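Add 1 to a position in the sequence shown, counting from 1, and you land on the number used in this note's numbering.
In what follows, a structure is listed as structure tokens, so that the remarks can point back to it.
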Amino acid sequence: MAFCKSRVIEPERLDDETPERAAPSLRDLVRINRLLGGHRVLREAIRQIVPPSQAFTMLDVGAASGDAAATISALYPKARVTSLDYRSHHMAAAKGTRVSANAFQLPFRPASFDFVYCGLFLHHFSSDAVISLLRSFGAVARLQVIANDLERHLLPYHFIPSTTWLFGWDPITQHDAPASVQAGFSQAELAELARSAGLREVRVDVYRPAFRLCLTAKPAAS
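As structure tokens, then:
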């Protein structure tokens with residue numbers, strides 16, 4: 002089903018809200034990931050490379066409430082996950098190491114982490130900015146860059162507005178969710194952005210019914 006031939010990026014309210022006002026919408030994001038299998042995308046990407054008994058390091062960029070770190074820690078007890086977000090108050094509920102920093106200027110040395118991950122993050126930015134971010138992620142990753150984001154599609158666009166009566170979504174979520182889907186990607190678009198960033202062995206899988214895209218790619222050759 003075709004929906005929006007090109008990306009439409011509009012401001013999202015969560016980005017500029019106070020900690021108190023942002024908290025309910027951040028909780029909604031955790032619920033959405035659980036309901037629609039958003040965390041399954043990350044788990045399956047990691048499983049393809051490392052077994053549950055193996056130790057590894059991961060940087061979660063745009064971590065918000067840190068639910069990705071919690072998901073990985075539950076499956077991989079030996080994993081060490083660092084949560085990074087520009088807004089420190091978004092990470093108030095995150096467990097483990099937290100870093101407040103600009104994703105475009107990551108404060109880490111090259112190959113500091115086995116994996117660099119971002120979930121529902123790239124769609125906030127223009128295509129040129131996405132390329133810059135992925136290039137930055139590739140510089141810090143040793144094994145793989147993983148990006149979990151939205152597929153631009155009519156059904157997820159209407160999901161939050163049509164289910165508010167059932168789930169009681171916060172007003173910020175009701176505004177931001179359709180805007181996020183409009184800013185999402187097609188499978189081909191996300192793959193091309195990753196290649197333009199110099200990443201190698203680029204793969205983008207589509208997950209339904211979550212309407213999520215999972216980009217996995219190796220860092221550029223050093």
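Backbone N, C-alpha and C define an ideal beta-carbon position, used for all residues, glycine too.
This structure is a prediction, so every number in the text was calculated from the model and none was measured.
query                                                                                                                                                                                     : result
Rounded to whole angstroms, what's the CA-CA distance from M2 to E152? Just pull it up for me.                                                                                            : Caution applies to M2, whose pLDDT of 42 falls short of 50 and renders its modelled position unreliable; the value that the coordinates give is listed next. So the two alpha carbons sit approximately 12 Å from each other.
The alpha helix (DSSP H) with L134 in it runs from where to where?                                                                                                                        : S128 to V141
Under three-state DSSP, which class holds F116?                                                                                                                                           : strand
Please determine if the region 138-154 and the region 110-117 are in contact, where contact requires at least 3 C-beta pairs separated by less than 8 Å.                                  : yes
Among the residues of its own chain, which have a CB less than 7 Å from the CB of Q188, if the five just before and after it don't count?                                                 : V205, V207 and L214
Give me the Cα-Cα distance between A93 and D16, rounded to the nearest whole angstrom.                                                                                                    : 15 Å
Between A218 and A184, is the Cβ-Cβ spacing less than 7 Å?                                                                                                                                : no
Smallest Cα separation from N103: which of E193, P162, S89 and L155?                                                                                                                      : S89
If we call anything under 7 Å between Cβ atoms a contact, is R14 one with D129?                                                                                                           : no
Looking at C-beta atoms only, is the number of pairs between the region 74-90 and the region 48-59 that lie closer than 8 Å three or more?                                                : yes
If we count the other Cβ atoms within 10 Å of its Cβ and call it buried at 16 or more, is W170 buried or exposed?                                                                         : buried
Less than 7 Å between the beta carbons of V182 and A192, yes or no?                                                                                                                       : no
Do you know how far the Cα of L36 is from the Cα of A70?                                                                                                                                  : 17 Å
Identify, in the order they occur along the chain, each residue of the same chain with its Cβ nearer than 7 Å to the Cβ of A107, setting aside the five sequence neighbours on each side. : Per the sequence presented here, residue 107 reads as Leu, with Ala not at that position. Result list for L107: S137 and V141, in chain order.
Going straight from the alpha carbon of Q49 to that of H159, what length do you get?                                                                                                      : 32 Å
Rounded to the nearest angstrom, what separates E45 and W166 at their Cα positions?                                                                                                       : 32 Å
In this structure, what does DSSP give as the bridge partners for E152?                                                                                                                   : F186
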